[in-house]
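Peer 1: Note that the sequence shown covers residues 2 to 223 in the UniProt record's numbering. Just passing along the structure, written as structure tokens.
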Amino acid sequence: QPKAFIFDLDGVITDTAEYHYLAWKQIGEELGIEVDRELNERLKGVSRMESLERILAAAPRPLSLTAGEKEQWAAQKNAVYGHLIETIRPSDVLPGIEGLLKDIRNANMLLALGSASRNAKVVLERLGLTAAFDYIVDAGQIRFGKPHPETFVNAAEHFGIPCEACVGVEDSEAGIEAINGAGMFSVGIGSPESLRQAKYLVSDTSRLTLDGIMEAYRRDAV
Ligand code: G6P
Ligand code: MG
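Laid out in structure tokens, this is it:
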């Protein structure tokens, strides 16, 4: 029986993964680089600056930007993203998530949020879900972003629970790699093409149930 769940935010609790994509797409257009959905799969879960680096690496002709120029593009992306999340409301919580959080709580397991986003607390607040989590892994506490396991290990250590007794829920390739690297049970939301390393995979949040996860967790443990 697991003792704690660690949820990613963007693309798991609410569809802000789409807003990150739209914001990067706009920045890409200004830079003359096409940010399509395939490239975006490799941006999900990755920090702001690393995302910019990956976009720059996809440029048709190499662009040499100074560190200061990169900071400006990253800040501009965040400004676009900031506008997109202004209207987020409690009704934007993805289907099935509130019920799942309640079921986890009723089963006396702990809940953490593990997001690398510096906007995570604002988004959670606008969704009305801040109180639903026992602990939030803040981007400021983390030295190494996903796919490094630190985000997830940090939550387990905070709870004093071994990683094997934790379940991580993610929509990104980098996030699943981080959960597996931490030695936790990984639940993926998305397509098998990008999330084939997930121990348990569903196509969207409406298909997530505590029973389904628990059954898969037990099967994996034997
Ligand atoms: C999450 C998202 C990424 C985003 C990162 C940093 O991991 O999945 O798409 O780049 O957070 O977010 P921020 O809001 O700080 O730019
Ligand atoms: Mg995500």
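Glycine included, C-beta positions come from ideal geometry on N, C-alpha and C.
Near ASN155, which residues of its chain fall below 7 Å by C-beta distance, leaving aside the five closest residues on each side in sequence?
Peer 2: VAL138, GLN142, ILE143
Peer 1: Of all residues in the structure, which have a C-beta closer than 7 Å to any heavy atom of ligand 2, taken in chain order?
Peer 2: ASP9, LEU10, ASP11, GLY12, VAL13, ALA18, LYS45, GLY46, GLU171, ASP172, SER173, GLY176
Peer 1: Pairing CB atoms from the stretch 112 to 126 with CB atoms from the stretch 9 to 21, are three or more of them under 8 Å?
Peer 2: yes
Peer 1: Check the C-beta distance from ALA5 over to PHE160 and give it rounded, since I have them as a contact under 8 Å.
Peer 2: 5 Å
Peer 1: Taking the Cβ atom as the reference point for each residue, do SER173 and GLY46 lie within a distance shorter than 9 Å?
Peer 2: yes
Peer 1: What three-state label does DSSP hand LEU101 in the structure shown?
Peer 2: helix
Peer 1: For HIS52, which residues in the same chain have their Cβ closer than 7 Å to its Cβ, ignoring the five residues on either side in sequence?
Peer 2: First, the amino acid is wrong: residue 52 is Ser here, not His. Only TRP25, LEU44 meet the Cβ criterion.
Peer 1: Per DSSP, what kind of secondary structure is ASP33 in: helix, strand or coil?
Peer 2: Going by the sequence as given, residue 33 is Gly instead of Asp. In this structure, GLY33 counts as coil in the three-state DSSP scheme.
Peer 1: Compute the minimum distance between the beta carbon of GLY189 and the heavy atoms of ligand 1, and state whether it is under 8 Å.
Peer 2: no
Peer 1: Please state whether DSSP places VAL81 in a helix, a strand or coil.
Peer 2: helix
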